[in-house]
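S.K.: The sequence shown begins at -13 in the numbering used here and counts up one residue at a time.
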Amino acid sequence: MAASRRPPRNRSVATPPFRLAIEQTGAPGREVRLADVDFQLASRAPRAFTRSGWWFELKYDGYRILAERRGKQVRLRYRGGSDPSEQFPEVVAALRALPSDDFILDGEVVVENSEGRPSFSLLQQRAQRIRPPRGAPPATYWTFDLLAAEGRDLRGLSLARRRELLRALTAEGGRVRCVEPVETEGEAFYEAVKQMGLEGIVAKRSDGAHHAGRGTDWQKVVIHQVGDFAVVGHTRELTSLALATWDGDGFAYAGRVGSGLGPREASRVEKELAAHRRPTPPCRDAPRDRDLLWVDPTLVAEVRYKDWERGGSPRAPVFCRFRDDRRPEQCAPPWSAEERTVNYVNLEKVWFPEDGFTKGDLIRYYQAIAPWMLPYLRDRPLMLTRFPDGIHAESFFQKQAGGPYVPSWVRTVEMEGDEGPIRQFVCEDVETLSFLVNLGTIPFHLWSARVADLEHPDWCILDLDPKSAPFEHVITLAIAARALCEELELPHFIKTSGSSGLHVLVPLERQLDHVAAISFGQVLAEALVQQHPDIATTERVVRARRSKVYVDYLQNGRGKLLVAPFSARPLPGVPVSMPLRWDEVKPGLSPRQFTALDAPARMERLGADPFVGVLGEAPDLVGVLSRLQSYLEKRGNLRAPVGGPTRTGRWGGPRKSSGGNRSRVRGGAPSTEGGPPDATRAQGRRSSGLSPPHQGDARGPAQGRRSSGLSPPHQGDARGPAQGR
C-alpha cells in the first residue's frame, strides 16, 4: 500500500502558529521597511568574560546582511547599502520558502569550505560574480535577529524573545538558519574558538532591545585585531598598499601594508587602481614618497595588526583581503579596546540631591539613551557645561577641548574663534559620551551645523520660551507653528527643552547659510506673533514682554547652540529634552515631564524617534518661498527673508553672518542671548580649559582613585560632606 502524501503547504501566507506567536508578543503594530532599519553594531571588548544574562556567538567570517520579504519580493542589503540578491540566489529562494511573507532578518551570509569552516575567500569569489557559476559552493544565511514580522515592530522586545520567534520562523533549516548561542560561559567558548583558528566571538545581552548603531549591548572579542582601511595608493610594483582612515573631516594617512599581499590579490585590483590614479594624495598627513602612486579611495582592505600606534597607523600590519561590502567612508580608525577604557571616578557622588541621583546613575542613563542620542551629536561641535560637584555647586563652561586628560580616541576639531583658534569636542560614540559625562558634564549643547560644513545649518529653530507666561500659551503657539508649517508644506518637529519651553525645528538640509536661516526664522516667528499678539512676542528685552511667550528666532546663527535631544538638564527631577509626537502636544504637557528615569523605556516603547527627521528631511525651499510670499501677501506687513533660494537650492545672502549674530567664540561659547538657556544660572561660574575629572580632594591626578568600570570606586575624597562631596 502506497504511503499517503501530505498536501504541499502554501508558503506565500504566514502559517497561523507563527502569526499567532507574533501577535501574542504585544509588539507595536506598525509597518517597518528595510529603509527604516539600520544595523546594530558591537563595541570591542578587551577580553572574553563569563556572565549570567549574556549570550556568546561565533563571529562569522562572512558578509553582514539585512533581509526583507514583502509578499514574494525579497531584498538583501549590505552595510554599505547595495543589494547582493543576484549574487546569492539560493539565499533569496530560501527566504521565499519561509512560512511568512512579511519579515526583516539580520544575519551573515557565509560560504563554507570542504571542512565545514567559514571561508571568506570562497564567499568573495561568489560575491564577485553577478550570478554564481555552476558548481559554486552554496551560501548559507546564518540569522541571529528578527526585527519585524507580520506587521509588527519587534525591535523593542528582548533579544531572547526575538530569537525564540526567529527559531520558529527558520525551524526547517536549509539555507536560512538560526544561530544558537552559548549561554554565560564566554571564556570557555572563546578558548574553543581560538583553538579552532576562527575569527572570534560576539557577546550579546539576552534581555537587550535592538538599538541601531554601535553600543555596549553587543561586544566582540577578536582573536587578532582587525580593521578596514581605505586604499589611497600603492607602490609602483604593487607590492604594498597605502592606507587611510576616515574621521568625518576626510581621509587620514594610516601607513602601508605589504605583508600578505600576494600576486593574485594585486592582479585583481590592478586595473581599478590604474583607472583612479591621481597626482596628489587624497588624504592628509601623507608622506612625500616617490615610490608611491596615489589613487582616489574606492577600495577597502581588511588588515590584521598587533596594535594601533599613537601616530595613527597599525603596528605589524598584514593584508587579509579586499572588502567588497564596505565603503571607504566606513573606515573609521580601529582604536583598540584598551585605549577606549574610561577611568570612572566618584560614581557614587550625588549630583541631584533632591532625587538621590548620582554621577554613576547619569552615566548609565547616557549609555542607555546613546543609540537614540548619538545621531544628533555626531559631526557637531559641542559645548559642555561641567558640574563636578552636582547641580547646586559651582559649574563652568568648557571652552577648550585638549590637554593630557583627553584620550587620543576622543575626537576634537580646531575652529576659528574671536580670540584665535579653539578646539571643540565632537562626540561620535558611546565611549566618548561616557568620557565627557565622567568629566562632570550634565547638559550637552550642540551646533546646528556639522563640522564638514559649518556655514550651513541643518535646521531653523523657533524657541518658545515662556519665562513668566503660562505654559498653556506655549502649547497654543506650538500648535499654531505646526499649522503654519503645514500650510507652507514645511517638515517640522518638536521637543521639550527639558527646562521651561518647547523647541520647534524645521529641517533645512544645509540649503541656507546662517544669516538666511535667521531671516527665515524671523518671518516664521513674526507670523506666529501676528496670529497671537495677546500671548506671543519677539521682543528681546524681558521686561517689555509683559508675560508673553518669547518666540526666539535668534537661537539661529553661527555658533548658536541648542540643547541636544535627550540631554539631561541640571535641575531637580533630572528632566531631559525629549522628542515628541505632535499628538502629545496638548494641554497637560509639561516641559519637564520626561526624565532620565523614564526616557530609555519611553523610546523603546515608541520604537522610532519622532524627531530624527530633522537630520535628513529636505524641504523644497523654492516651493516654500512661493507659498510664503502668498502667505505674506494675504496678511500684509511681514518682511520676507533675505534673498531667496538660488538655482542651486541655497538661499541667497552673505556666506558669513554679521558680528551681531555670531557667538562670541565661534567654536561654541555662548553669547549673551544665544547661549545655553542655563548659561547664566549659578553665580561664580567660571570659564576654563580642560581639567581632569573632579577628584574631590587635594591630591594630583596620579593619586586619584579610579575604577575601570561602573562599579563605585574607592572614595578618595578628603573633604567632609559639607564641602561639596
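Positions of the beta carbon are idealized from the N, C-alpha and C atoms, including for glycine.
Could you tell me the alpha carbon to alpha carbon distance between Arg65 and Gly199, rounded to whole angstroms?
M.R.: Taking the straight line from one Cα to the other gives about 11 Å.
S.K.: Which residues in the same chain have their Cβ closer than 6 Å to the Cβ of Pro493, if we skip the five residues on either side of it in sequence?
M.R.: Closer than 6 Å at Cβ, skipping near neighbours: Trp445, Pro477, Val600, Glu603.
S.K.: In whole angstroms, what is the alpha-carbon distance linking Leu548 and Leu419?
M.R.: Going by the C-alpha atoms only, they are around 17 Å apart.
S.K.: Contact check, Val490 vs Leu450 under 8 Å by CB: the rounded distance?
M.R.: 7 Å between Cβ atoms; contact.
S.K.: Using CA coordinates, which residue listed in Pro85, Ile51, Asp88 is at the minimum distance from Phe74?
M.R.: When only C-alpha atoms are compared, the closest one is Ile51.
S.K.: With distances taken from CA atoms, which of Trp204, Ala469, Asp22 is nearest Arg30?
M.R.: With distances taken between Cα atoms, Arg30 lies closest to Trp204.
S.K.: Looking at the secondary structure, which residues open and close the beta strand (DSSP E) in which Trp204 lies?
M.R.: Residues 199 to 208.
S.K.: If you measure between the beta carbons of Val713 and Gly484, is that distance less than 9 Å?
M.R.: Residue 713 cannot be examined here, being either before or after the span of the chain that is shown, -13 to 711.
S.K.: Nearest to Phe215 by alpha carbon, out of Pro265, Glu173, Tyr291?
M.R.: Answer by Cα proximity: Tyr291.
S.K.: Fully enclosed by the region 375 to 427, which beta strand (DSSP E) runs are 3 residues long or longer?
M.R.: As far as the region 375 to 427 is concerned, its whole beta strand (DSSP E) runs of at least 3 residues are 382 to 384, 398 to 403, 406 to 411.
S.K.: Is the distance from the Cβ of Gly769 to the Cβ of Leu227 below 9 Å?
M.R.: Residue 769 cannot be examined here, being either before or after the span of the chain that is shown, -13 to 711.
S.K.: Report the rounded CA-to-CA distance for Val712 versus Thr462, giving the unit in angstroms.
M.R.: Because the chain here runs from -13 to 711, residue 712 falls outside it and cannot be looked at.
S.K.: In this structure, does DSSP put Glu136 in helix, strand or coil?
M.R.: In the structure shown, Glu136 sits in coil (DSSP, three-state: anything other than H, G, I, E or B).
S.K.: Could you spell out the range, first to last residue, of the alpha helix (DSSP H) harbouring Trp358?
M.R.: Run containing Trp358: 345 to 363, per the alpha helix (DSSP H) assignment.
S.K.: Going by beta-carbon coordinates alone, are Ser144 and Ala195 separated by less than 9 Å?
M.R.: In this structure, Ala195 lies closer than 9 Å to Ser144 by Cβ.
S.K.: Going by DSSP in three states, Cys306 sits in which element: helix, strand or coil?
M.R.: Three-state DSSP puts Cys306 in a strand.
S.K.: If we call anything under 9 Å between Cβ atoms a contact, is Ser616 one with Phe430?
M.R.: Their beta carbons are not under 9 Å apart, which means Ser616 does not touch Phe430 by this criterion.
S.K.: Just checking, does the region 494 to 501 make contact with the region 424 to 442 on the three C-beta pairs under 8 Å criterion?
M.R.: Contact holds: three or more Cβ-Cβ distances are below 8 Å.
S.K.: Would Asp47 pass as a contact of Val77 if the rule is Cβ separation under 9 Å?
M.R.: The answer is no: Cβ separation not under 9 Å.
S.K.: Can you list, in chain order, the residues of its chain whose CB lies under 6 Å from that of Ala354, leaving out five sequence neighbours each side?
M.R.: Answer for Ala354: Pro586, listed in chain order.
S.K.: Do you know whose CA, among Ala80, Ile90, Ser86, lies nearest Pro124's CA?
M.R.: Closest option to Pro124, Cα to Cα, is Ala80.
S.K.: My assumption, with CB atoms under 8 Å, is that Leu448 sits in contact with Gln410. Please give the rounded CB distance.
M.R.: About 25 Å; that fails the 8 Å criterion.
S.K.: Cβ atoms of Leu27 and Ile90: under 9 Å apart, would you say?
M.R.: Cβ distance not < 9 Å, so Ile90 and Leu27 don't count as in contact.
S.K.: For the region 604 to 613 against the region 469 to 476, do three or more pairs of beta-carbon atoms, one drawn from each stretch, fall closer than 8 Å, so that the two count as touching?
M.R.: At 8 Å Cβ cutoff, the stretches touch.
S.K.: Determine the DSSP secondary structure at His262, reduced to helix, strand or coil.
M.R.: Coil at His262, not helix or strand.
S.K.: Among Arg578, Asp310, Lys534, Glu288, which one has its Cα closest to the Cα of Val304?
M.R.: Among Arg578, Asp310, Lys534, Glu288, the Cα nearest to that of Val304 belongs to Glu288.
S.K.: Measuring alpha carbon to alpha carbon, tell me which of Ala438, Lys206, Asp538, Cys471 ends up nearest Arg496.
M.R.: With distances taken between Cα atoms, Arg496 lies closest to Ala438.
S.K.: Which first and last residues belong to the alpha helix (DSSP H) in which Ile8 is found?
M.R.: Run containing Ile8: 2 to 10, per the alpha helix (DSSP H) assignment.
S.K.: Would Thr129 pass as a contact of Glu98 if the rule is Cβ separation under 9 Å?
M.R.: Not a contact, by the Cβ cut-off of 9 Å.
S.K.: Could you tell me the boundaries of the beta strand (DSSP E) in which Pro75 lies?
M.R.: That residue, Pro75, is in no beta strand (DSSP E); its alpha helix (DSSP H) goes 75 to 82.
S.K.: Determine the burial state of His197: buried for a count of at least 16 other Cβ atoms within 10 Å of its Cβ, exposed for fewer.
M.R.: So His197 counts as buried.
S.K.: When we look at the beta-carbon of Thr482 and count the other beta-carbons within 10 Å, is it buried (16 or more) or exposed?
M.R.: Per the 10 Å Cβ criterion, buried.
S.K.: Start and end of the beta strand (DSSP E) containing Arg529?
M.R.: Element bounds for Arg529: n/a, residue is neither H nor E.
S.K.: Could you check how far apart the C-beta atoms of Arg5 and Glu136 are, in whole angstroms? I think they sit under 8 Å.
M.R.: Sure, about 5 Å apart at Cβ, within 8 Å.
S.K.: Excluding the five sequence neighbours on either side, which residues of its own chain have a C-beta within less than 8 Å of the C-beta of Pro2, listed in chain order?
M.R.: Cβ within range, chain order: n/a, list empty.
S.K.: Quick check on the DSSP output: the beta strand (DSSP E) that includes Met369 runs from which residue to which?
M.R.: It spans 368 to 372 - the beta strand (DSSP E) in which Met369 sits, taken as one unbroken run.
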